[in-house]
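First residue of the sequence shown? That's 2 in my numbering, and the numbers climb one at a time after it. We put the beta carbon where it would ideally sit given N, CA and C, even for glycine. Remarks on the structure that follows.
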Amino acid sequence: MQTIYQWNTGVPVSQQCAFFPDHAGTPIMMDMDALARKLLDGKNFATIATLNADGSPQTSVMWVKRDGDSVLFSTRADRQKARNLRRDPRLSLSVFDPENPYRYVEIRGRAELTDDPDKTLPRELSHKYVDADPPYEPAELLRVIVRVVPDKVITFGA
Numbered sequence: 002m003q004t005i006y007q008w009n010t011g012v013p014v015s016q017q018c019a020f021f022p023d024h025a026g027t028p029i030m031m032d033m034d035a036l037a038r039k040l041l042d043g044k045n046f047a048t049i050a051t052l053n054a055d056g057s058p059q060t061s062v063m064w065v066k067r068d069g070d071s072v073l074f075s076t077r078a079d080r081q082k083a084r085n086l087r088r089d090p091r092l093s094l095s096v097f098d099p100e101n102p103y104r105y106v107e108i109r110g111r112a113e114l115t116d117d118p119d120k121t122l123p124r125e126l127s128h129k130y131v132d133a134d135p136p137y138e139p140a141e142l143l144r145v146i147v148r149v150v151p152d153k154v155i156t157f158g159a
């Protein structure tokens, strides 16, 4: 069964734009169902797709964590994905269930980048995924927290 969550405009999904404002013109965030929350809360890897300056896709496999109906991941500030997201905040993220790859969540949304000078998120993610501290990184290596604010959440559970 496939579930698509979007702002209800009365317009067919295929005709809606990727940015869903509320009646006041502000973006609204999509809610996640139980399957999306379960996949994001588990030790499942996410594939993140961003857009290069020439429009071509750039993908990365990442550790993620859910924060309410947002998704967080960490990256170095000098990485291509961070540079792409500063220029164009649109991204897509997908996570599938390794026990049944026909169960997945796809999230399309916008990224908000915040400096993480204490490297708190990499530590949290490392403990979630491997139950250990991450490898040492020099203090001058800047990390950012990427918050994915969903515009569209699609789950499929077979």
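Which same chain residues end up closer than 7 Å to residue i when comparing Cβ atoms and leaving out the 5 residues on each side of it in sequence?
i      : result
Ala54  : Arg88
Arg1   : In the structure as shown, the chain begins at 2 and stops at 159. Residue 1 is therefore absent and cannot be evaluated.
Ala133 : Ser127
Thr27  : Low confidence applies to Thr27: its pLDDT is 45, below 50, so where it sits in the model is not reliable, and the reading given next is rough at best. Taken in chain order, the list of residues that qualify is empty.
Lys166 : No answer is possible for residue 166: it lies beyond the span of the chain, which begins at 2 and ends at 159.
Check the DSSP bridge columns for residue i and list the partner residues they point to.
i      : result
Val149 : Val72 and Ala112
Lys66  : Leu73
Thr51  : Gln59
Ser95  : Thr48 and Glu107
Arg144 : Arg77
Asn101 : Asp98
Output needed for residue i: all residues of its chain with C-beta closer than 8 Å, excluding positions within five of it in sequence on either side, in chain order.
i      : result
Gln59  : Ala50, Thr51, Leu52, Asn53, Gln81, Lys82 and Asn85
Leu122 : Lys66, Leu73, Phe74, Ser75, Arg144 and Ile146
Checking 8 Å against the spacing of the C-beta atoms, do residue i and residue j come in under that value?
i      : j      : result
Val149 : Ser71  : yes
Asp152 : Arg111 : yes
Asp117 : Arg144 : yes
Arg104 : Phe97  : yes
Arg124 : Pro139 : no
Phe74  : Val147 : yes
Going along the chain, which residues of its own chain have a beta-carbon closer than 6 Å to the beta-carbon of residue i, five neighbours each way excluded?
i      : result
Glu107 : Ser95 and Ile155
Phe46  : Val62
Thr115 : Ile146
Trp64  : Leu126 and Tyr130
Leu36  : Thr156 and Gly158
Of all Cβ atoms in chain B, is any one closer than 8 Å to the Cβ of residue i?
i      : result
Arg144 : Protein chains in the displayed structure number just one, and chain B is not present.
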